[in-house]
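Asker:
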Amino acid sequence: MKLRTLLPCAALVLAALALYGCRNPEGLSQALGSFGSIGGAPVGDYAASAVKGVTAVAHAAEDFNPQQEYYIGRAVGASLLAKYQPYNNAAANTYVNEVGQSLAMFSDMPQTYGGYHFLIVDSAEINAFAAPGGLIFITRGMLRCCSGENALAAVLAHEIAHVQGKDALRAIKRARTTEALAIIGGEAVKHAGGAQLSQLTNLFADSIGDIMTTMVNNGYSRTLEYQADKTAVAILTRTGYAAAGLPAMLAEMQKRLTPGGADFAKTHPNPGDRITELANLARVAEVNEPEVRAARFKAALGNI
Amino acid sequence: MRSRKLAFVLALALCLGTAWAIAAKVMSVSVRDGQVRETPSFLGKIVGKATYGQSVDVLEEQGDWSKVTVSGGVAGWMHKTALTTGKLAMSGGSAAPGSVSGKEMALAGKGFSAEVEADYKRSHGGNFAAVDAMEQVSYTPAALLAFLSKGDVKPQGGGR
Numbered sequence: 001m002k003l004r005t006l007l008p009c010a011a012l013v014l015a016a017l018a019l020y021g022c023r024n025p026e027g028l029s030q031a032l033g034s035f036g037s038i039g040g041a042p043v044g045d046y047a048a049s050a051v052k053g054v055t056a057v058a059h060a061a062e063d064f065n066p067q068q069e070y071y072i073g074r075a076v077g078a079s080l081l082a083k084y085q086p087y088n089n090a091a092a093n094t095y096v097n098e099v100g101q102s103l104a105m106f107s108d109m110p111q112t113y114g115g116y117h118f119l120i121v122d123s124a125e126i127n128a129f130a131a132p133g134g135l136i137f138i139t140r141g142m143l144r145c146c147s148g149e150n151a152l153a154a155v156l157a158h159e160i161a162h163v164q165g166k167d168a169l170r171a172i173k174r175a176r177t178t179e180a181l182a183i184i185g186g187e188a189v190k191h192a193g194g195a196q197l198s199q200l201t202n203l204f205a206d207s208i209g210d211i212m213t214t215m216v217n218n219g220y221s222r223t224l225e226y227q228a229d230k231t232a233v234a235i236l237t238r239t240g241y242a243a244a245g246l247p248a249m250l251a252e253m254q255k256r257l258t259p260g261g262a263d264f265a266k267t268h269p270n271p272g273d274r275i276t277e278l279a280n281l282a283r284v285a286e287v288n289e290p291e292v293r294a295a296r297f298k299a300a301l302g303n304i
Numbered sequence: 001m002r003s004r005k006l007a008f009v010l011a012l013a014l015c016l017g018t019a020w021a022i023a024a025k026v027m028s029v030s031v032r033d034g035q036v037r038e039t040p041s042f043l044g045k046i047v048g049k050a051t052y053g054q055s056v057d058v059l060e061e062q063g064d065w066s067k068v069t070v071s072g073g074v075a076g077w078m079h080k081t082a083l084t085t086g087k088l089a090m091s092g093g094s095a096a097p098g099s100v101s102g103k104e105m106a107l108a109g110k111g112f113s114a115e116v117e118a119d120y121k122r123s124h125g126g127n128f129a130a131v132d133a134m135e136q137v138s139y140t141p142a143a144l145l146a147f148l149s150k151g152d153v154k155p156q157g158g159g160r
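As you go down the protein sequences, you meet chains A and B in turn.
The opening residue of the first sequence carries number 1 in the UniProt record's numbering; numbering runs sequentially from there.
The opening residue of the second sequence carries number 1 in the UniProt record's numbering; numbering runs sequentially from there.
#1: Across the region 61–72 of chain A and the region 106–121 of chain A, are there enough close Cβ pairs to call them in contact, namely three or more that are closer than 8 angstroms?
#2: To the nearest angstrom, report how far apart A:Q93 and B:M27 are at their CA atoms.
#3: Put A:A131 into one of helix, strand or coil per three-state DSSP.
#4: Straight-line CA distance for B:N127 to B:A118?
#5: So what's A:V284 in DSSP terms, helix, strand or just coil?
#6: Where do the ends of the alpha helix (DSSP H) carrying B:F128 lie?
#7: Throw me the rounded Cβ distance for the A:P132 and A:K166 pair, which I believe falls under 8 angstroms.
#8: So the candidates are A:N127, A:V155, A:A78, A:L81; which of them puts its Cα closest to the Cα of A:N97?
#9: DSSP beta-bridge partners for A:H117?
#10: Could you round the C-beta distance between B:G53 and B:V29 to whole angstroms and report it? I think they count as a contact, below 8 angstroms.
#11: Could you please give me the residues that DSSP links to A:S102 through a beta bridge?
#12: Check whether chain B comes within 9 angstroms of A:F118, counting only Cβ atoms and requiring the distance to be less than that.
#13: If you drop the 5 nearest sequence neighbours on each side, which residues of the same chain put their C-beta closer than 7 angstroms to that of B:A142?
#14: Below 9 angstroms between beta carbons: does that hold for A:I160 and A:I235?
#15: In whole angstroms, what separates the C-alpha of A:N24 from that of A:R170?
#16: Residues in its own chain within less than 7 angstroms of B:V153 by CB, not counting five upstream and five downstream?
#17: When we look at the beta-carbon of B:I46 and count the other beta-carbons within 10 Å, is it buried (16 or more) or exposed?
#18: Taking beta-carbon pairs under 9 angstroms, can you tell me which members of the region 123–140 of chain B lie near chain A?
#19: Taking the beta carbon of A:S79 as the centre, do at least 16 other beta carbons fall within 10 Å, making it buried, or is it exposed?
#20: Are the CB atoms of A:T177 and B:V116 within a distance shorter than 9 angstroms?
#21: Report buried or exposed for A:S37, applying the criterion of at least 16 other Cβ atoms within 10 angstroms of its Cβ.
#22: B:E117 versus chain A: which residues are under 7 angstroms apart at the beta carbon?
#23: What residues in the region 171–184 of chain A have a beta carbon less than 8 angstroms from any beta carbon of chain B?
#24: How big is the Cα-Cα spacing for A:K298 and A:Q227?
#25: From A:H268, A:T267, A:V233, A:P259, pick the residue whose C-alpha is nearest to that of A:A151; which is it?
#26: In chain order, what residues of the same chain lie with their CB nearer than 8 angstroms to the CB of A:I208, ignoring the 5 residues before and after it?
#27: Would you give the residue range spanned by the alpha helix (DSSP H) that A:I72 belongs to?
#28: With a 10 Å radius around its C-beta and 16 neighbouring C-beta atoms as the bar for buried, classify A:A124 as buried or exposed.
#29: Could you tell me if B:D132 is buried or exposed, where buried requires 16 or more neighbouring beta carbons within 10 angstroms of its beta carbon?
#30: Closer than 9 angstroms, Cβ to any Cβ of chain B: which residues of the region 228–240 of chain A, in chain order?
#31: Can you pull the chain A residues whose beta carbon is under 9 angstroms from the beta carbon of B:S30, in chain order?
#32: Is DSSP giving A:A295 helix, strand or coil here?
#33: Closest to B:T39 by CA distance: which of B:S55, B:W65, B:T84 is it?
#34: Going by DSSP, what residues sit across from B:K67 in a beta bridge?
#35: Indicate whether at least one CB of chain B lies closer than 9 angstroms to the CB of A:P290.
#36: Tell me the residue span of the alpha helix (DSSP H) that contains A:G266.
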């Protein structure tokens, strides 16, 4: 009798916790631990199977710790910079960093292990990339689509949203993540060396490969792109830029993208679709920027 | 009767679920150079530093900020995104056997590390020098707010 009343109660609590756990799996396992036991059996034991699904989902991206995310991001950056040359214009890069780091400060993830850093790459392609941990790359071609600082902020906010969403980490194949985390979690790695190191390095290289394939060739899912646009609007608004800067910038991009091109045309949903998807949050409108802002944009990027 | 009491306790625990999250005392620094500030704002004066993996006691939370005491003594405010739940075991040898779970070991910075990066660089190359240069460019929150202000960009509600 006692058990019969207790189990539904426990189930209710677990269901609620599972919902909470979707957002915070680590907190979940600790919360379960703090419940002690029911009828001699630890609540955590029932929970273990009940929320296994939740944990498995989280396994993909969240289980890499910030330091690992940082090293993955560095290697993705190093691969991108083997493909695209840095654009060596200190004034332009300083300006892009000032705008980008300001936006990052108003994101939901203002602090990452190594911080946010932005770099212009010397390419006429219309493209931008966000490596895990906050290394963000933008092509000269993309900057040419930006009519002003507000439009630039919109592009950078979209990339910051990808960092915040850990979208690049999600591109790593599940089996690879599981294997990597199993090795990393193993006691033996305390003294990483020889076979273990080369095994880890191989997994690391394959993970970077997965991310590069998605980032450069296949693109993220439409869902992730639309979500990044929505997050970008929130970041823009909090920072003090006009949300309309994003759809306005997308409209300009649409004019310039070559259908079938190997850049944003390939890896992102059509700008028109993105504008439609954003309609409830921000609509295309001319963004009038104050003189001083327009002037500094022109000074830094006028000849990009 | 007893079961009803237990059900009540469970319901109460459910309500307190979020409060529990706040009551979690020990957290760990999840960024390389954590800043401890006098006030809960990026503009607060930096009163101390905390490095990756260091554990802190959370005393209070206010919005996105946690009031902490860093092991070693410094007290002040850290942004919540610079902290992660749980204790990170940093050095392989210091923890007693069995006291650190596999998960915690994963959090302790084993695995993808400088060592793996060096090995990867040997076999795969990549322009790490350019990444190093990129990481040098960094501005303080005060400088960034000044930049926004000069461009007449007005953050909603000030710095987070």
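The beta carbon of each residue, even a glycine, is placed where N, CA and C say it ideally should be.
Just so it is clear, the structure is predicted and the values come from calculations on it, not from any experiment.
Answerer: Looking at the atomic coordinates:
#1: yes
#2: It should be pointed out that residue 93 of chain A corresponds to Asn in this sequence rather than to Gln. Rounded to the nearest angstrom, the two C-alpha atoms are 36 angstroms apart.
#3: strand
#4: 12 angstroms
#5: coil
#6: 128–135
#7: 7 angstroms
#8: A:V155 is the residue among A:N127, A:V155, A:A78, A:L81 whose C-alpha sits nearest the C-alpha of A:N97.
#9: A:L135
#10: With a Cβ gap of about 6 angstroms, B:G53 and B:V29 count as contacting.
#11: Beta-bridge pairing links A:S102 to no other residue.
#12: yes
#13: L43
#14: yes
#15: Caution is warranted here: a pLDDT of 42 is assigned to A:N24, below 50, making its placement in the model unreliable, and the coordinate value is therefore given only provisionally. Each residue's Cα considered, the two are about 17 angstroms apart.
#16: none
#17: Exposed is the call here.
#18: S123, H124, G125, G126, N127, F128, A129, A130, V131, D132, A133, M134, E135, Q136, V137, S138, Y139
#19: buried
#20: No, they are not a contact pair.
#21: With a pLDDT of only 33 at A:S37, under 50, the local geometry of the prediction cannot be trusted, and no value is derived from it.
#22: Y71, R74, A75
#23: A180, L181, I183, I184
#24: A:K298 and A:Q227: Cα-Cα distance of roughly 30 angstroms.
#25: A:V233
#26: I72, A75, V76, S79
#27: 66–83
#28: Burial call: exposed.
#29: exposed
#30: T237, R238, T239, G240
#31: N65, P66, Q67, Q111, T112, Y113
#32: In this structure, A:A295 counts as helix in the three-state DSSP scheme.
#33: Of the listed residues, the one whose Cα sits closest to B:T39 is B:W65.
#34: In DSSP, B:K67 forms a bridge with B:E60, B:W77.
#35: yes
#36: Position check: residue 266 of chain A holds Lys in this sequence, whereas Gly was assumed. Its alpha helix (DSSP H) spans residues 264–267.
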